[in-house]
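J.: Take a look at this one; I'll ask things after.
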Amino acid sequence: NVDQLSHAMLRTHWLEDTDLADPATLARLAESVGMAPQPLLDAALSAEIQAIYQTNTDEAIERSVFGSPTYFVDGDMFYGQDRLEMVERALRQPYAPSRTA
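Residues in the sequence shown are numbered from 938 upward in steps of one, following our numbering.
Structure representation (structure tokens):
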């Protein structure tokens, strides 16, 4: 169910530009994949998860992330769902370090 939920979340984020921080949206998506929404909402709104969210937000700002989805592989930033093939390639065959003269 978690795999189905993550796909539903990404699909609705990319195609419908939904606010994934909205509890009603999360509840609707959980129900759409057969999950009970309340445990998901309780976890998402917990102090522990909110602290992780803030840490990730701070890191994104520090790394100049400007949109979603953004992926980092060995320090290289890839932005956008249309870059997933590049992310896959970087994971399989890392880029060689730049050589300067």
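For every residue, glycine included, the Cβ atom is placed at its ideal position computed from N, Cα and C.
Bear in mind the structure is a predicted one, so any value in this text is a computation, not a measurement.
1) Decide if Leu1021 is buried, meaning its Cβ has at least 16 other Cβ atoms within 10 Å, or exposed.
2) Taking the beta carbon of Leu982 as the centre, do at least 16 other beta carbons fall within 10 Å, making it buried, or is it exposed?
3) Let's test the definition: count the other Cβ atoms within 10 Å of the Cβ of Ala958 and tell me whether it reaches 16, buried, or not, exposed.
4) May I have a chain-ordered list of the alpha helix (DSSP H) segments no shorter than 4 residues that lie completely inside the region 945-987?
5) Between which two residues does the beta strand (DSSP E) carrying Val1002 extend?
6) Would you kindly work out how many angstroms separate the C-alpha atoms of Ala967 and Leu942, rounded to a whole number?
7) Give the secondary structure of Asp1011 by DSSP, where H, G and I count as helix, E and B as strand, and everything else as coil.
8) Based on DSSP bridge pairs, tell me the residues matched to Tyr1016.
9) State the Cα-Cα distance for the pair Asp1019 and Asp1011, rounded to the nearest angstrom.
T.: Walking through what the data contain:
1) As a first step, residue 1021 is located in the sequence shown; it is residue number 84 there, counting from the start. Result: exposed.
2) Working through the sequence shown from its first residue, we reach residue 982 at position 45. That one is exposed.
3) Against the sequence shown, residue 958 aligns to sequence position 21. By the 10 Å Cβ count, Ala958 comes out exposed.
4) 960-969, 974-981
5) In the sequence shown, residue 1002 corresponds to position 65, counting from 1. Note, Val1002: premise wrong, no beta strand (DSSP E); not H, not E.
6) In the sequence shown, residue 967 corresponds to position 30, counting from 1. In the sequence shown, residue 942 corresponds to position 5, counting from 1. Going from the Cα of Ala967 to the Cα of Leu942 covers about 6 Å.
7) Position 74 of the sequence shown, counted from the first residue, corresponds to residue 1011. Reduced to three states, the DSSP call for Asp1011 is coil.
8) Here residue 1016 refers to the residue found at position 79 of the sequence shown. Its beta-bridge partners are Thr1007.
9) Residue mapping note: residue 1019 aligns to position 82 of the sequence shown, counting from 1. Residue mapping note: residue 1011 aligns to position 74 of the sequence shown, counting from 1. Roughly 19 Å separates the two Cα atoms.
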